[in-house]
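*Asks:* FYI, this note's numbering numbers position 334 of the sequence shown as 479, with every residue one higher than the one before it.
To start, I am sharing the structure in question, which I have written as structure tokens.
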Amino acid sequence: MSEPTAFFSELLSSLPSDWQAPVEALAADVLHANTPLRLVLLGGFSVGKSSLLNMLLQAPLLQTALEETTALPTFIEYAAERSMSLIGPDGSQLPLDDAQFAHVTTHAPEGAVCAVLNLPQPWLKGVSIIDLPGLGSTSAHHREYTLTQVRHADAVLYLLSPRGPSAADMETLQIIQQAGKRVKVLVTHWDEVEAAIARGEKAPSLEQWAQQIERAAGLRVRLATSHHDGLGREDILDFVERARDDLQSIRLRRFQAELRPVLENALGHNAEQQRACEVESEQQAQALHQELIERKQRLADFKSNLYGEQQADRSRLSQQAGASVRQQRQQLVQQLDEQAANLSDETEWAHFGQVGGQQLDAAIRTIASQFCELSQHYGALELPAADIVELNLRLPVPEPVAAEDFIDIGRLTQLQQALTEQQDTEQAICQKQVSLQVHDMDEHAQTLHALTLQQQALASQPLPMTVQQTGNGNGAFIGRLVGEVADIGLMFVNPTIVGAKVAALVGKGAKVAKAVSTTVRVVKGVQQGKTSVRGVPQPIMEKLGGLEMLSLGYWGERMGQALSGQMEIEVVDPQAMAEREAALAELELQRQALRRALSRNEDIANERQLTGWALEHSQKEQARLLGELEQLKQHAEQKHREALQQQQQNRLNQLQRSSEKARTQWLQSFDRQASAMDELLHNRVRSYWEDRVEALLNERLQDIDLLAEQAQASAQDKQATLVILAEQAQALQRTLDTLH
Ligand SMILES: Nc1nc2c(ncn2[C@@H]2O[C@H](COP(=O)(O)OP(=O)(O)OP(=O)(O)O)[C@@H](O)[C@H]2O)c(=O)[nH]1
Ligand SMILES: [Mg+2]
């Protein structure tokens, strides 16, 4: 069994049972903590703490200056790689570069708890060195924090200026001594002392200073010297190494130092009880009675004062907490408003939501850390040391609340609220379902139907674009027709080129060919009969054979030639005549057919001409329609633009409404969380005053009643109690004696 464990087991067995729980808690806190050696550097500001660390680390890593420099506690620890970071109240780590590290350690940004410098220097293994703001610094908070660090430290490097120990140094050294820390005291700036000696000044007596310290602070130390150029480095590294090796016994010493007042309290109370049991004569009983009455009166006075103290403390905290919440809320409102004003598009919505949430979170975290700071400064009650001992009134140390606890309670409240709202909604739905009637259902169905119809009507509305397209198509068609009609018209203006023009017309394209399809059919009939026509030259026959050559001009021209061709009739051959006549008749037939075809063409041309007039009119109408169409188009475009603008405006309004809603929800969430955190702070303070301080006072008052009762008990009972008390006192004393 290791030394601390063996000591602790023995201690517990010797303690009266009602003192065991607080001692176990203390042991868990100090004795059994598995953490590196905590070494703090202490001393007045500008005494050279950071310079000394730079000297030990052999690099200018920490900021030094003549004025108050270190503002943020800085932990220096071993790691395989060099890194720097800033620790937030929730334990978050923000990596820093050299410049940022220099800035934060000298400016202590709001909400930061400490900075950490990790270095791969082997001598730092198993050690956590803490560079603190100087004692006696302008900030009261710094002093508070420094003393807390002293409480939790295992070892202290205490730096004295070359002027020797001041009253403030003595006070702190006494605290350190009582807390059982391993201490090394150094006189810094020794180079300046050496320079002064060289100038002929008297050397200070380190021995004398050590004696003064022993007298004033009860601490026996050997004073060492150092300066930032390296003096004392080996000595200090040796101290660190030994302290690390002796960590267990240092912690045991710390534990014992903190245990001492607890045991002394118990022993004091035991002595009072024994005195009460030892009362024998009436006179002694009277004296004790008188003493108890006086003590009770003092406690009662103290208790009634306590109410005023408590009220003052609570209202001070309440004001500070309120101011902090108001400031954060105002800032949050401003941030959310700015963000909402910049919101102009739905695509920014996700980003808006994300940033708003982050701003709310940051505001909550800021008040959490401010509340955490506030929670370190309540319950300040100055009691004269004599009263503390005499009345056995060692007040409990007020416990600060961690920022994370505030955040947790805020979130919890918010979740509870959300849950309640959800339950309310569900309940409302259930109630509605119960009271729902059939006619309500019909009414809903009809409304749904009406809505569907409206939707359909909207969907079927024509768009302006359709009208425009139609107009364009007509224009093109009319243009094409006009060209063709002009072609046909020209044929009639100059009948000599009738054939060629008709052929050109036919050749122009499929559409006109279709228009003269009747003619084509006639011509085809003529073509089919031509083989029996004698006297028609073969090439003509072949040309007539091609459908693509079915041009009226061509045919007319050729036919004319054939008919005008000279026929030589020398012998009248009736058969030949008959044949010729038949051929002529045939040709006549064909000519007639052609004439008919031509007249059909004429009709068509006339028709077309007439149509041309109609078209002219139609063109005008078309132009008018086109004008109207253009107007309509412009009107439609204008409407379209207006609709787009309206749509844009609607979207903006919708966005604005949504952002307003989000803003309200964020602020509600902030209010809810802030008020839960405020409640936690007040509950903690109230519980400290009412549950702990008042409870302690009540305990003491009860003690007095118990003592009075014990004094009144029978001689036999007193004797028995005395035996038990004496045994307990012995055990307590034995334990106390084992403490260093
Ligand atoms: N001559 C001399 N000057 C020193 C020595 N140590 C520190 N200084 C100077 O004293 C000033 C204060 O030194 P710091 O190291 O910043 O002191 P500190 O104790 O860390 O100060 P705070 O952070 O403000 O509490 C600086 O200008 C240092 O250069 C030393 O041994 N000799
Ligand atoms: Mg410093």
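All residues carry an ideal CB built from backbone N, CA and C; glycine is no exception.
Since the model is a prediction, treat every value here as computed from it, not as a measurement.
(1) Can we count T215 as close to ligand 2, meaning its CB is less than 7 Å from some heavy atom?
(2) For A369, name the three-state secondary structure that DSSP assigns.
(3) Taking Y452 as part of the alpha helix (DSSP H), name the residues at either end of that continuous run.
(4) In chain order, what residues of the same chain lie with their CB nearer than 7 Å to the CB of L444, ignoring the 5 residues before and after it?
(5) With DSSP as the reference, label N97 as helix, strand or coil.
(6) Would you mind reading off the limits of the beta strand (DSSP E) that contains A260?
(7) Indicate whether the contact test is met: 3 or more Cβ pairs, each with one atom in the region 200-208 and one in the region 322-342, closer than 8 Å.
(8) Strictly by DSSP, which residues pair up with I221?
(9) Would the beta-carbon of A513 fall within 8 Å of that of Q476?
(10) Between L392 and F152, what straight-line distance do the alpha-carbon atoms span, to the nearest angstrom?
(11) Is E713 helix, strand or coil by DSSP?
(12) If you measure from the beta carbon of E571 to each beta carbon in chain B, is any gap under 8 Å?
(13) Rank R227, P267, D299 and V470 by C-alpha distance to the C-alpha of I275 and give the top, closest one.
(14) How close, in whole Å, do the beta carbons of L462 and S804 come, if the pair is a contact with beta carbons under 8 Å?
(15) Q401: buried (16+ other C-beta within 10 angstroms of its C-beta) or exposed?
(16) Would you say the beta carbon of V192 comes nearer than 7 Å to a heavy atom of ligand 1?
(17) Based on the DSSP output, what are the partners of M229 in its beta bridges?
(18) Go to R389, then tell me how far its alpha helix (DSSP H) extends in each direction, as first and last residue.
(19) Pull up the distance between the alpha-carbon of G644 and that of A768, whole angstroms please.
(20) At a cut-off of 7 Å, is D336 close to ligand 3 when judged by its beta-carbon and the heavy atoms of the ligand?
(21) Let me confirm a value: D383 is counted as buried when at least 16 other C-beta atoms fall within 10 Å, else exposed. Which label applies?
(22) I need the straight-line Cα distance from F220 to V338, nearest angstrom please.
(23) Alpha carbons only, please: which of E549, L519, E169 and E518 is nearest the one belonging to D506?
(24) Please report the straight-line C-alpha distance between L305 and L351, rounded to a whole angstrom.
(25) So is the beta-carbon of L247 under 7 Å away from any non-hydrogen atom of ligand 1?
(26) For A210, which of helix, strand or coil comes out of DSSP?
(27) By the 10 Å Cβ neighbour count, where 16 or more other Cβ atoms means buried, how is G375 classified, buried or exposed?
(28) At a cut-off of 7 Å, is L519 close to ligand 1 when judged by its beta-carbon and the heavy atoms of the ligand?
(29) Taking Cβ positions, are T880 and L331 nearer each other than 8 Å?
(30) What are the boundary residues of the beta strand (DSSP E) that A300 is part of?
(31) Starting from L331 and walking both ways along the beta strand (DSSP E), at which residues does that stretch end?
(32) In three-state terms, what does DSSP make of L351?
(33) Relative to the alpha-carbon of Q419, which residue among T883, I849 and D882 has its alpha-carbon at the smallest distance?
(34) Kindly examine ligand 2 and report whether one of its heavy atoms sits closer than 7 Å to the Cβ of D380.
(35) Quick check on DSSP: helix, strand or coil for V185?
(36) Helix, strand or coil: how does DSSP classify L881 here?
*Replies:* In terms of the structure at hand:
(1) yes
(2) strand
(3) E427 to A486
(4) Excluding sequence positions up to five before and after L444, its CB lies within less than 7 Å of the CB of L536, L842, R845 and L846, all in the same chain and listed in chain order.
(5) Only positions 146 to 885 of the chain appear in the structure, and residue 97 is not among them; the question remains open.
(6) C259 to L264
(7) Note that the region 200-208 does not touch the region 322-342; fewer than 3 beta-carbon pairs, one per stretch, sit closer than 8 Å.
(8) Paired residues: L262 and I274.
(9) no
(10) Straight through space, the alpha carbons of F152 and L392 are spaced by roughly 16 Å.
(11) Legend: pLDDT at E713 = 37, less than 50; position of this residue unreliable, no value from coordinates given.
(12) Of the protein chains in this structure there is only one, and it is not chain B.
(13) Of the listed residues, the one whose Cα sits closest to I275 is D299.
(14) Going by Cβ atoms, the distance from L462 to S804 rounds to 36 Å, so no, they are not a contact pair.
(15) buried
(16) yes
(17) L241 and L262
(18) R378 to D390
(19) The predicted model places G644 with a pLDDT of 43, which falls under 50 and marks its position as unreliable; any figure quoted below should be read in that light. For G644 and A768, the distance between alpha carbons rounds to 35 Å.
(20) In the structure on display, ligand 3 does not appear, and the ligands it does have are ligand 1 and ligand 2.
(21) Classification for D383: exposed.
(22) Approximately 30 Å, taken between the alpha carbons.
(23) E549
(24) 11 Å
(25) Here residue 247 is Ala; the residue named in the question, Leu, does not match the sequence. Answer for A247: no, Cβ out of range of ligand 1.
(26) coil
(27) In the assembly as shown, G375 is an exposed residue. Its beta-carbon has fewer than 16 other beta-carbons within 10 Å.
(28) no
(29) no
(30) A300 to L305
(31) R327 to V332
(32) helix
(33) Considering only alpha carbons, the answer is I849.
(34) no
(35) Note: V185 maps to strand in three-state DSSP.
(36) In the displayed model, L881 falls within a helix according to three-state DSSP.
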